[in-house]
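Residue 348 in this note's numbering is what sits at position 108 of the sequence shown, and the numbering runs on without skipping anything.
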Amino acid sequence: MDFAINLILLFFIFSFVGWCIEITLKYRQFGRFINRGFLIGPWLPIYGSGAALITLTVAGLTPVEKGIGTTFAISMIVCGLIEYLASYFMEKRFHARWWDYSQKPMNLNGRVWIGNLVLFGIGGVAIIHIVNPLLYVFFENLSIVSREIIASCLSVIFVADYSVSHFVLKLVKIGVESSDADNTEAISKDVKLLLSNKSIFYRRFANAYPDVIYRTEKVKARMEEIRLETENLRIEAEKRLDELNQQYEKNKAELGASIKAGKVQLMETLEPTSFIKSNLIEKQNQLIDLLYDENTAPAPAKELMLEIEHERLRLEKRSW
């Protein structure tokens with residue numbers, strides 16, 4: 241009983257701490273105070289639930305293992321699971337994604353990402369090994385009756401807060417479902433317009449999530465349409481790129497052949513006349529050698545052959 245009361249008190253303490261963290265982060269982001277969360281009061285139960293479940297899980301494993309590494313791993317798993325399931329069921333229930341990590345590295349369906357998981361692990365270690373021992377000392381200074389009264393009062397206020405906030409969320413759901421818009425910005429305007437004439441509690445919720453992403457069927461259909469258009473553009477771009485590559489290779493081959501033919505023609509044009517004459521004489525000599533037979537040649541042919549040999553020797557002796 242004593243442990244259960246302490247666990248309830250831890251839930252409310254860390255729900256308040258989480259609320260303080262969120263409003264600080266959003267103040268830095270938007271430059272104004274934003275009362276975060278679905279509830280009206282200064283508490284975020286997702287933080288309190290995480291701290292309470294970490295405490296409960298570690299307490300159950302204490303007889304077996306109670307090291308910092310184990311606490312870190314448990315905190316990552318428990319808080320990551322809570323954050324993922326909360327995002328999933330809230331989206332299914334109210335057609336809206338209240339946080340989106342799609343642009344973060346190593347994210348899972350945009351609901352959780354590695355950066356938060358590491359922070360959850362570090363926070364869990366701090367809670368179990370630093371904060372909780374100090375809180376337990378404080379709790380021990382209070383009588384069990386005092387703790388029960390505090391826990392009961394906070395629980396009653398929490399239930400009342402949840403009941404009012406639940407009706408607000410139902411109104412938001414009605415506004416989202418009745419909107420004809422197919423994008424988040426337009427739906428947000430419709431929801432704010434719907435809540436503008438309501439009480440301050442309703443208007444508070446409209447401003448609590450300025451970066452909410454609505455996921456109605458129309459929005460999903462529009463997103464799918466955009467995805468298909470993007471895919472078609474990608475396929476068309478790849479096809480065009482292949483055509484350009486083929487044309488480039490063809491032009492490259494034609495240019496290479498033209499350059500080669502030009503080189504041959506240029507060499508023939510620039511070759512000296514003396515070289516051409518020399519090549520011609522050489523080929524004539526080769527032809528004579530092939531056709532002339534010493535044994536069967538007539539006397540005039542032999543005399544002509546001797547004259548050719550004589551002139552060939554004279555040519556070879558010339559050095560200019």
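Backbone N, C-alpha and C fix where the C-beta goes; we use that ideal spot for every residue, glycine too.
Taking the CA atoms as reference points, N349 sits about 12 Å from E331. With contact defined as three or more Cβ pairs closer than 8 Å, the region 271-289 and the region 302-314 are not in contact. Under the 10 Å beta carbon count, L321 is surrounded by fewer than 16 other beta carbons and is classified as exposed. For K266, the enclosing alpha helix (DSSP H) stretches over residues 242-270. Note on geometry: alpha-carbon atoms of E551 and T536 lie some 23 Å from one another.
Look at A292 here: in three-state DSSP terms it is helix. Per DSSP, the unbroken alpha helix (DSSP H) holding A366 starts and ends at 354-366.
Per DSSP, the continuous alpha helix (DSSP H) segment holding N372 begins and ends at 372-380.
Distance from the Cα of D242 is smallest, within the candidate group E262, V385, R333, for V385. A Cβ-Cβ contact shorter than 8 Å links F360 with C319.
When Cβ pairs closer than 8 Å are counted between the two stretches, the region 249-260 is seen to touch the region 361-381, the count reaching three or more. Taking N525 as reference, the option from L546, P512, V396, N491 with the minimal CA-CA separation is L546.
Rounded to the nearest angstrom, the gap between the Cα atoms of P282 and W338 is 18 Å. Here Y287 really is in contact with G258; their C-beta atoms are around 2 Å apart, less than 8 Å. The C-beta distance from I368 to I294 rounds to 7 Å, short enough to meet the 8 Å contact threshold. By the CB criterion at 8 Å, S403 and L279 fall outside the cutoff.
Contact annotation: S395 and I248 have beta-carbon atoms nearer than 8 Å.
In the three-state reduction of the DSSP assignment, L284 falls in the coil class, being assigned neither a helical nor a strand state. Here DSSP, grouped into helix, strand and coil, assigns L348 to strand. With a cutoff of 8 Å on beta-carbon distance, I245 and R333 are scored as not near each other. For E323, the uninterrupted alpha helix (DSSP H) run begins and ends at 308-334, by DSSP.
Straight-line measurement puts the Cα of L481 at about 12 Å from the Cα of E489.
By the neighbour-count definition (other C-beta atoms within 10 Å, threshold 16), Y341 is a buried residue.
In the three-state reduction of the DSSP assignment, R276 falls in the coil class, being assigned neither a helical nor a strand state.
In this structure, V365 and F312 form a Cβ contact; the two beta carbons are roughly 5 Å apart against a cut-off of 8 Å.
Taking a C-beta distance under 8 Å as the contact criterion, R351 and E323 qualify as a contact pair. By the Cβ neighbour-count rule, N356 is buried, with 16 or more other Cβ atoms within 10 Å of its own. Inclusion of G363 and S315 in the CB contact set at 8 Å is warranted, their separation being smaller than that value. Straight-line measurement puts the Cα of A336 at about 19 Å from the Cα of K266.
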